[in-house]
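Going letter by letter, the sequence shown gives residues 1 to 291 in UniProt numbering. Just so you know, even glycine gets a beta-carbon here, dropped at the ideal spot from N, CA and C. Every value quoted in this text rests on a predicted model; they were computed, and no experiment measured them.
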Amino acid sequence: MLSGVGNREHLSSFGIETIVNLPAVGTNLQDHVFLGNSWLVNANFTLDDLHRNTTFAAEQLQIWEANGTGLIGLPPTNQFGWFRANASVFKDLKAKDPSAGPTSANFELIISDNFASKRVALPAEGRFLSMVTNVISPSSRGTISLNSTNPFDAPLVNPNLLGTDVDLAIMRAAIKAARAFVAAPAWADYVISEFGAFANATTDAELDAYIRDNADTVDHPIGTVPMREGSGGALNANLIVKGTVGLRVVDASAFPFIPSGHTQGPTYILAERAAELVKASLSRGLESGKV
């Protein structure tokens, strides 16, 4: 935007000359929605011990630096599940299913051997099991806009997480699925109780309040320079910015829709495809992007 590529009206409000009028730039921001739901557990050790005990954490770091083993080398989780919401969720709201299709997930469950929250600090005591619930095919759309003409100033970001009733309903469905999973007999001797505000959220209204108070981003933002035909797109099929010559965008902002899974792999795929496009274009010279 600072270079003059974006919505003419928005750029003009900052006195920036419009080089290419592309209203789609900065729109279409999408992200997965994160919510950590925790249970107190009957355990001698969880990763909470690593987070609380700085001496123990330093010892584990030394082990990892010495030979690449120990707790520091473990992922925070290796157990994921992707699920569909019941069709009644969309029927009751008279809303369209925002996922890519009948085999695409609406939400994700992640099992974590520790207290998992981006809003609440780790409690001083207790060991925890968490079921992270993520809205993985959101319908909400946010924006990124300029804050000033200073390139060192952060932009204004409105993620608009849970901006639609259907996204909120999907998160409710995910929490209910997590509770049903942990209520299985196999957990009976391990799980003690739900913890914190989560334990007090039982009705749909209470769940909605709990979700709004505790949900956050998964840090998978995409889509603000979308590859799409027509006025809703900023890139053509060759990843070239429309109205420019030889200027490509090769990152997750090019996705028109957020993947119903983690974004790192698809971003690698996009980069590999972009490399092929660039190599193929070397013999043809610079390519232009038609508006």
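Within 7 Å: the Cβ of residue i and any heavy atom of the ligand SAH?
{"i": "F107", "result": "Although the ligand SAH was asked about, the structure shown includes no ligands whatsoever."}
Can you find the residues in the same chain that come closer than 7 Å, C-beta to C-beta, to residue i, ignoring five residues on each side of it along the sequence?
{"i": "L270", "result": "V250, A254"}
{"i": "G70", "result": "Q60, I63, W64"}
{"i": "S104", "result": "S137, S260"}
{"i": "I175", "result": "N37, T133, L207"}
{"i": "F115", "result": "S38, D48, L122, P123, F128, S130"}
{"i": "A57", "result": "L50"}
{"i": "R84", "result": "A105, N106"}
{"i": "S99", "result": "A105, N106, S137, S260"}
Grouping DSSP H, G and I as helix and E and B as strand, with all else coil, what is residue i?
{"i": "L247", "result": "coil"}
{"i": "T54", "result": "helix"}
{"i": "S139", "result": "coil"}
{"i": "V291", "result": "Annotation note: pLDDT 46 at V291 (below 50); position unreliable, coordinate value reported separately. The answer is coil: DSSP assigns V291 none of H, G, I, E or B."}
{"i": "N78", "result": "coil"}
{"i": "V182", "result": "helix"}
{"i": "F83", "result": "strand"}
{"i": "D49", "result": "helix"}
{"i": "G36", "result": "strand"}
{"i": "D216", "result": "strand"}
{"i": "F257", "result": "coil"}
{"i": "N21", "result": "strand"}
{"i": "residue 300", "result": "Residue 300 lies beyond the residue range present for the chain, which begins at 1 and ends at 291; the question has no answer from this structure."}
{"i": "N238", "result": "coil"}
{"i": "N150", "result": "coil"}
Measuring alpha carbon to alpha carbon, tell me which of the options ends up nearest residue i.
{"i": "L156", "options": "L146, N134, I63", "result": "L146"}
{"i": "V132", "options": "Q30, F14, I222, D216", "result": "D216"}
{"i": "K118", "options": "L50, E59, D213", "result": "D213"}
{"i": "A43", "options": "S148, P266, G223, E125", "result": "E125"}
{"i": "H262", "options": "N21, S12, F34, V5", "result": "F34"}
{"i": "I222", "options": "A178, S3, Q30, Y210", "result": "Q30"}
{"i": "H32", "options": "S283, T203, P159, N236", "result": "P159"}
{"i": "N86", "options": "A177, A201, N53, I144", "result": "A177"}
{"i": "G246", "options": "F152, N200, R284", "result": "R284"}
{"i": "G142", "options": "V20, N28, S231, A188", "result": "N28"}
{"i": "G26", "options": "E17, G15, L2", "result": "L2"}
{"i": "D165", "options": "E9, T267, L93, E17", "result": "L93"}
{"i": "S231", "options": "L11, S12, N21, T54", "result": "N21"}
Could you name the residues of the same chain whose beta carbon sits closer than 8 Å to that of residue i, not counting the 5 residues immediately before and after it, in chain order?
{"i": "Q79", "result": "I110, I111"}
{"i": "G233", "result": "A24, P226, M227, K242, P256"}
{"i": "S193", "result": "W39, L40, A199"}
Go to residue i, then tell me how far its alpha helix (DSSP H) extends in each direction, as first and last residue.
{"i": "S88", "result": "87 to 93"}
{"i": "V278", "result": "264 to 281"}
{"i": "V120", "result": "No alpha helix (DSSP H) contains V120, which DSSP labels as neither H nor E."}
{"i": "N42", "result": "Looking at the DSSP string, N42 is not in any alpha helix (DSSP H), and its letter there is neither H nor E."}
Considering residue i, what are the terminal residues of the beta strand (DSSP E) in which it resides?
{"i": "S12", "result": "Counting along the chain, S12 falls outside any beta strand (DSSP E), though it belongs to the alpha helix (DSSP H) covering 8 to 12."}
{"i": "I222", "result": "I222 -> no beta strand (DSSP E), and no H or E assigned at all."}
{"i": "E108", "result": "107 to 112"}
{"i": "I192", "result": "191 to 194"}
{"i": "N158", "result": "156 to 158"}
In chain order, what residues of the same chain lie with their CB nearer than 6 Å to the CB of residue i, ignoring the 5 residues before and after it?
{"i": "N7", "result": "P23"}
{"i": "V291", "result": "Below a pLDDT of 50, predicted positions are generally treated as unreliable, and V291, at 46, falls in that range; no measurement from the model is reported."}
{"i": "G73", "result": "W64"}
Could you tell me how far apart the beta carbons of residue i and residue j are, in whole angstroms, since I believe they sit closer than 8 Å?
{"i": "F128", "j": "T46", "result": "6 Å"}
{"i": "A280", "j": "R248", "result": "So it is not a contact: roughly 12 Å between Cβ atoms."}
{"i": "N37", "j": "F198", "result": "5 Å"}
{"i": "V135", "j": "F90", "result": "V135 to F90, Cβ: 14 Å. No contact."}
{"i": "W39", "j": "V278", "result": "About 49 Å; that fails the 8 Å criterion."}
{"i": "I240", "j": "L162", "result": "Rounded, the Cβ-Cβ distance is 34 Å, inconsistent with contact."}
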